[in-house]
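K.L.:
Here it is: the structure, laid out below.
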Amino acid sequence: MSNQPLFWIFALLTCGGAVGVVISQNIVRMAFSLIVSLGSTAGLFFLLEADFVGATQLLVYVGGTLVLLIFGVMLTASGPFQQIRVSPGETFLGAAVGLLLLSVIAFTVIDVEWDTLNAARTEASPGAESGNTARAIGLRLVGIPADHEIGVHEGRGGRTGYLLPFEIVSIHLLVVLVGAAYLARAKRRVADGSTGGEN
Amino acid sequence: MLANTSIPVFEQLFNELTKTLPGDVFAFLPELVLCGTVIALLLGRLLGTDRWIPGHWTALVGTLIAFGFSFNAALGGIELSSVEATAEISRSELFSGLLINDGMTIFFRLFLLLFLVLVIALTVLSGIPDNEDGPDFYTLLLGATIGMMLMVSANHLLILFLAVEMASVPSYVLVGFLKGRRASSEAALKYVVYGAGAAGVMLYGTSLVAGLLGTAEIDQIAGKLSELTLTGATLRTILLGVMMILVGLAFKLSLVPFHFWCPDAFEGAPAEVGGFLSVASKGAAFALLIRVAGQLAGPAAVPPEIPVPGLEGLAISLAIGLGLVGAASSTFGNLAAYSQTNIKRLLAYSTIAHAGYMLLGVSAMILARHAGDTDLARDCVSGVLFYLTVYLFMNLGAFAIVALVRNQIYSEEIADYKGLAKQAPLLCVAMAVCLFSLVGLPPLGGFVAKFFVLAPVWKAGDIHPAMWLLVGVALLNTVFSLFYYLRILVAMFIDDRPTGQPVAKPDSVDKLYVALVSIPILLLGASPLIGKLSQAAEDAARDLFL
Amino acid sequence: MTHIDSKAWLLIIAWLLPLCGFVIEVFAGYWSHRCPGGRYKSRTAAYLAVGCIGGGFLLSLSALISGISDWGLLEHQTSHSQAAPLESDNPDAHATAHFTVANVPHGEDADTGETGHGGGQKYVSGEIYTLGTFGKLRIAIDYYVDSLTLIMFTMVTLIATCIHVFAIGYMDDERTEDHTDHQVHLADGSHLHRPGRFYLFFSYMSLFCFSMLGLVLAGNIFMVFVFWELVGICSYLLIGFYVERRSASTAANKAFIVNRVGDFGFIIGLMILWTSFGTFGFKSYTDGNDGAHPEPGLFEMVRDDHGKVDVEKTDHGSIVRIQDHDDKSASIPYWLLVAAGLGIFAGCVGKSAQFPLQTWLPDAMEGPTPVSALVHSATMVAAGVYLAARFFPVFLPEVLLTIAYVGAITLFVAATIAIVATDIKRVLAYSTISQLGYMMLAIGLGGWGAGLFHLITHAFFKSLMFLCSGSVIVGCHHEQEMPRMGGLRKKMPITACTMLIGVIAICGLAVPGVSLWGYKIAFSGYHSKDAIVATAMTYAHLNPAHSLLFLAPLVTAGITAFYMFRLWFYTFAGEPRDQELYDHCHESPRVMTVPLMILAFFAIFCAVGGEGGPLYTAISHSETIPEHIADSAITLPSHKQIAGYHQQAGILALLVAAVGTLLAWLMYGVGRPDPGIIRRQFAGTHEFLVEKWRFDELYDAMFIRPVHVVAAWFSSFDRRVLDGVLHWFAHTGVVLARWNRWFDESLVDGIVNWIAVRVQAIGQSLSVVQTGRLRQYVMFIALGVVTLFLLMFALFPQT
Amino acid sequence: METPLAYYLFVGAVLFVSGIVCMATKRNGIAVLMGVELVLNGANVNFVAFAHYTPLGLDGQIVSLFVIVLAAAEAAVALAIALNFYNNHQTIDVDRGDKLRG
């Protein structure tokens, strides 16, 4: 089965959404474009046979992060600042820098002959068993390579376990949420005068 | 079918976990203690015990316990090192190669925890988080420190990104901790956006490097690099990827041209946070930079006689590039500091300059490593470690004095420091010690440290003459820097205190703290402590290039 | 416990005594100072400081005596004895000009462990404590003691003791709780009142002595640098002692910053030496290495046992082979060694106020006069010369030539400026710069012994003169302008008399042809300056292209005599110009005059016997005469050759000095005896001087009008001719001096200021980039990524 | 026929550049944060693509999972800071925050 047409659809939607975010001046439209872009990225992930990542992308990104952002839009969009215009000069400068950056990346990353590079290095492409990576990912968390991966890797032989980041990220989330909550909540009593100079 | 395979899998899982995990967890104990302290802080808040046991005590005790554990580990390391030819034993991998536990990890853990103790003590004295906000503040502080400790031992590109994020995100909140102030919120916004941008760039670079090399493990980079033929687009991609990773680190180190956040964030943040960020996050970022750069300089397996064509160029261009960035940072930092009127901002520019000096050490390390002169490479690294330690005391001292003086005169403008020496002589003398040490005048620690960093760099001039030029620029900078540091001292010691200004009357505890921080600067300039510290720094650098 | 030689022990204790004094004064001085009751506070701090430095002097003296007996320092070395036919080359063979060195001993016991005694190496060296090792970099507190160290120690401690005692009297008014600084005018027109800082002064002085002695004792260049900076900091504190005076704090900053410029070169030199030689030490240890093979030091690595530098020509330019190294083929590029030498010398230029970094020293006179006497004439500024001398073995001919020229320019420029200065201390300051130039010149010319000889004699007579000026300043109630003085010899006879001794010493006057018990009748300055001029003369003869190096010191000898006698006549001779000042003037108390007399004694006798005398003989025991480098364009004179020119040079120098003295006497001395003529001649000018004394007009009055007086006196001569000649002389002098002054103040200062302003401006324009706009910052991330990528790509060596 | 890796990488690059440009031009603080999401997402596309095509394998997917989580955490904090800015400045226009400079 050729995924080519699907790829083009998702790729266009992803890029179009991203460019839409950039060129739109209306914050609500930007948010919508972002949803389109990130949602189609999940589609690309599915095409790449990374179903678990794709699902996470939809759940966490589109379902969580974006809702958070839209929440922010609604909290701040009241008043005359819904559309904050950027001067044409700055737009032009931004476009120029963007094109420059894109051309640099194209000049480097896209230019690499990935196929020959990878073919020369490993005989077998380590493609996962189609469309079912959740189990493999779960096993890798504790450092057990999935069956199809054994022998593919050099060095530590794919035995890198991701237990540590999995656990430590929970502490990180805890700390971060405490921080976010601290900033968001109102101070219960008036700030002590000695805590800061005149502003 | 599932049932059939699941039994061996769980067996395997059990075996895997029991084989290495207990040892790994034991080595990871200092970080775990900090995690536990975070939870204790939050529980204390939940249960209301923080009314009787203030947050800073919990944090202090937790940090001290962690410090004790890492000190114990350090002693173990020294014992090992005293036995001949067992250097390799002291380097071990934790969590299936995600982390490296070697001399440098131990050194930086001690460094960060010692610093954390001092910072917590400072916040207790200066009272910047009041009792109510204490648990939040210390949670963020400890959370950031855990991230930095991970940065120090990272051996995987994921951990690299994760650790940088863990160190950065709580710092954003810390910068905006005085949430009612406009300047503070502005600083935090700038910091978070700049930091997120830099992190994004770094992540993109990480993806390029990992994709091109087919591995995400940092200690495999050198080996994989030597297998590639570095020409054409492959070379450009690896350059771009490496550069983008370095951009993320350069952001943490506030190197030119990625320093823009630094003065703004430091001016808006409380001085205590400024002190914390200027030392801890720089130290951790340097550790990470040394690890990554050491890999990029070339694999240990390739003897220098057999040159790998692309790799050679990579090492040289990287070393000279970093050297130029370092020289530019120190020059820019020193020059831009001239016109500052806010002392925190001035110190921010000064930290930019100091990061530049230390970066020269790293760039020389790459050259030396690449040329096969491992001893010189180690000297470079231990020079940087020595510098960082002295920098810990002198920069923390300066920021602490700013914080304590602010509590007295409610100002952080240099103009308001006029004639302070008559009211708070000890604080001002300590400030003079810190600033003179920052200039690099003997017999203070700053001089010895600058010498330890620049001497190997000069020696690396034999490998590439550009290093001589860079040392020249750095030395010229120490002359420049004298002017603006002297400005503060002139204001404090020579100018008269205008009438009507608030009177500074520091407590005796404040004085004790300031003395405690500034005495090591003197000792590290002229006492056997130099030998002790340089020995420790050498031990730390020893198993870096095996 | 390592073995340390007894001489070294004595010096180490002498070195640490002032540190103890400093610590006690800092921690206890304040309380001792604060004793309640009575207007004046106790002098405890001063007594403590004097005790420490005096004890140090006694210890150094015993070390010196021990050195004399151990090493036979007073015996002539064979090569110095002109009669000894030891040198193989015949007198007219200097074309081949290699100077076999007999005084670098490689006697029978050179290879036994027992060195430092008898006829072996005449130095002891060892470590006191290793602070830390850092890879191959070892940072240690070392000592290096040879006859130069011993003499410097004794000289520094002796002079410091005298000056400390003097300072007890000079700083007496600082003992009050309510000291009035008359030079600080507050906004309301009153003077500043502040608590006296008596104890603080003495604690700074003790710290300075400690640092200075550490600098002399140091056995490695790193330690030298540390103490080098420490004396700099002490100097900063002492110049800025009257911090409330704007001029004092500015001067302190200026001194500090100008010195840092020199130190920049110093560190570069340090880096080169360390990276090329892997050590900081001067020479291998003789003490405490328990029979182990001593590690070679810098001097032994640059030159072999015969003092020869092993230069080799290769395709990549000349290289210098490193001697005594584990790696036999180790070498250093020739230019790098030159660069190292120039770097070290740059540090010396800063510290010794040599051209073009001389501007800080006259300003440094803002400090209390005892400080000027100790720090800014006798010891610290001489440290640059001392270091140049210590590092003599490392200097290659190109470096020596640079040193010589810098010295020559300095000595001439400073002397001409001194002619027009009116502040008594500033005249002495310029004179100090000029004399330091003499020493540098001597070292650059290869006259090692002569330079250090002059260092020691100069230290005595210049500190004497500074103390005399201090005595005058105290006597005249802090008046420093000479035009307001005059005739003070009647009021302060001791000061006038001792000052005259100093002046005669510095001018190098002597009674020619007459000798008393075989010794020439001359003060110390004559001998040392004579030695330098003789060296210069020989040098000019050997290297005719550099004759200027002989003319400059010769002419300047005359100028020196002129301005020094001008100072003396102006201050002490003639009639009082300011009657009120004169009436209130008084001789200083005994505590100040006794040190003057002691120093005067040494100014007369310390160099007795000249180059055959004990001082020079002892110094020359440390001398290392470099062997000629084959392809060098420069030929350094040997002792023997110098001896040949000695007679001529002595007479010539004496003649020039006598002319200068005569001129000064005619202009400032002889005109005075008849006050009627003076009053008639100077009626307008005198009033003008007293009221305004603007500098330009003052110079006119100082030069043109005396010319008229002189002309009237010599009425038997053709008036117009004499007038014309003297006019021309005077006018040229004024123009030259003004030009120099302009050069000094406008150009050099101007450049320094210009740089400072530029740097400030650049700094300001740089922080404009920091616009505070977040979006711009993010834009810079993108641009930075692209730029750095292109930079790295460009740096990538394409093959 | 399989889609070449370079196509995916180009999509990633477009996302990355759009994000950077978005951060550099938008005056609305929330829009700037959207730019951050785009940048991280661009890198994520790279990782997942590499996971499929190169020996990086599953590691790439796992990294992208963690990136999603970290992005969420960062977004939460950034949003809190942006709201704090809004509360203090009464606007979300980042150009209003130019008090700290020089």
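Residue numbers (my numbering), protein chains in the order written: chain A, 1 to 199; chain C, 1 to 546; chain R, 1 to 799; chain F, 1 to 102. All residues carry an ideal CB built from backbone N, CA and C; glycine is no exception. Note that the structure is predicted; figures quoted are calculated from it, not measured.
(1) State the CB to CB distance for the pair R:D181 and R:R194, rounded to an integer number of angstroms; the pair is presumed to be in contact (CB under 8 Å).
(2) Take every Cβ of the segment 381-397 of chain C, pair it with every Cβ of the segment 411-428 of chain C, and state whether three or more of those distances are shorter than 8 Å.
(3) Between F:T103 and C:G211, which are expected to be in contact by the criterion C-beta below 8 Å, what is the C-beta distance as a whole number of angstroms?
(4) Apart from the five residues just before and just after R:A378, which ones in its own chain have a Cβ nearer than 7 Å to its Cβ?
(5) By Cβ distance below 7 Å, which residues in the same chain neighbour R:I433 in space, the five residues on each side in sequence not counted?
(6) Answer with buried or exposed for R:F241, where buried requires no fewer than 16 other C-beta atoms within 10 angstroms of its C-beta.
(7) So is C:E227 buried or exposed if we call it buried at 16+ other beta carbons inside 10 Å?
(8) Relative to the alpha-carbon of R:L428, which residue among R:G470, R:P553, R:F395 has its alpha-carbon at the smallest distance?
(9) I'd like the list of long-range same chain contacts for R:H76, defined as Cβ closer than 8 Å, with 5 residues on each side in sequence excluded.
(10) Could you tell me the distance, in whole angstroms, from the CA atom of R:M800 to the CA atom of C:R345?
(11) What are the boundary residues of the alpha helix (DSSP H) that includes R:I332?
(12) Could you give the distance in angstroms between the alpha-carbon of C:V471 and the alpha-carbon of C:W458?
(13) Taking only the alpha-carbon atoms, compute the straight-line gap between A:R185 and R:I141 and give it to the nearest angstrom.
(14) Per DSSP, what kind of secondary structure is R:P512 in: helix, strand or coil?
(15) Which parts of the segment 160-215 of chain R are runs of the alpha helix (DSSP H), unbroken and 4 residues or longer, counting only runs that do not cross its ends?
(16) What did DSSP end up calling R:S622 once you bin it into helix, strand or coil?
(17) Going along the chain, which residues of the segment 156-187 of chain C sit with their C-beta nearer than 9 Å to a C-beta in chain R?
(18) At a Cβ threshold of 8 Å, is C:L12 touching chain A?
(19) How would you call A:R85, buried or exposed, if buried means at least 16 neighbouring beta carbons within 10 angstroms?
(20) Output the distance between the C-alpha atoms of R:F780 and R:T771, rounded to the nearest integer angstrom.
(21) In chain order, what are the residue ranges of uninterrupted alpha helix (DSSP H) at least 4 long that sit wholly in the segment 34-89 of chain F?
(22) With DSSP run on the structure shown, which of helix, strand or coil describes R:N543?
(23) Are the C-beta of C:T234 and some C-beta of chain F separated by less than 8 Å?
(24) With 16 other CB atoms within 10 Å as the buried threshold, where does R:S765 fall?
(25) Specify the secondary structure class of F:D93 as computed by DSSP and reduced to three states.
(26) Taking Cβ positions, are C:D496 and C:G103 nearer each other than 8 Å?
(27) May I ask you to report which of helix, strand or coil DSSP gives C:H156?
(28) Nearest by alpha-carbon distance to R:G51: which of R:F198, R:T157, R:K283 is it?
(29) Counting only Cβ pairs nearer than 7 Å, list the residues of chain A close to F:V39.
(30) Might you give, ordered along the chain, the residues of its own chain that have their beta carbon closer than 8 Å to the beta carbon of C:L112, omitting 5 neighbours on each side?
(31) If you reduce the DSSP assignment to three classes, tell me which class C:S339 lands in.
(32) Distance check for R:G341 and R:V394, CA to CA, integer angstroms please.
(33) Any C-beta of chain F sitting closer than 8 Å to the C-beta of A:E90?
(34) Determine the DSSP secondary structure at F:R27, reduced to helix, strand or coil.
(35) Pop quiz: C:A287 and C:Y484 are said to be a contact at Cβ under 8 Å. What is the actual Cβ separation, rounded to whole angstroms?
(36) At the 8 Å Cβ level, is C:L347 part of the contact set with chain F, yes or no?
P.N.:
Per the coordinate set shown:
(1) 7 Å
(2) no
(3) There is simply no residue 103 of chain F to check, as chain F begins at 1 and stops at 102 in what is shown.
(4) I159, A459, K462, S463
(5) A353, Q358, L361, T410, A414
(6) buried
(7) exposed
(8) R:G470
(9) G612, T617
(10) A question about residue 800 of chain R goes unanswered here, because the residues of chain R that appear run from 1 up to 799.
(11) No alpha helix (DSSP H) holds R:I332; the beta strand (DSSP E) holding it covers 331-333.
(12) 6 Å
(13) 59 Å
(14) strand
(15) none
(16) coil
(17) E186
(18) According to the sequence provided, residue 12 of chain C is Gln. The question's Leu does not apply to it. It does; some Cβ of chain A falls within 8 Å.
(19) exposed
(20) 12 Å
(21) 58-89
(22) coil
(23) no
(24) exposed
(25) strand
(26) no
(27) strand
(28) R:T157
(29) Ordered by position in chain A, no residue passes the 7 Å Cβ test against F:V39, which lies about 10 Å from the chain.
(30) T145, M148, M149, V152, A280, G283, A284
(31) coil
(32) 7 Å
(33) yes
(34) coil
(35) The pair is not a contact, with the Cβ atoms about 29 Å apart (cut-off 8 Å).
(36) no
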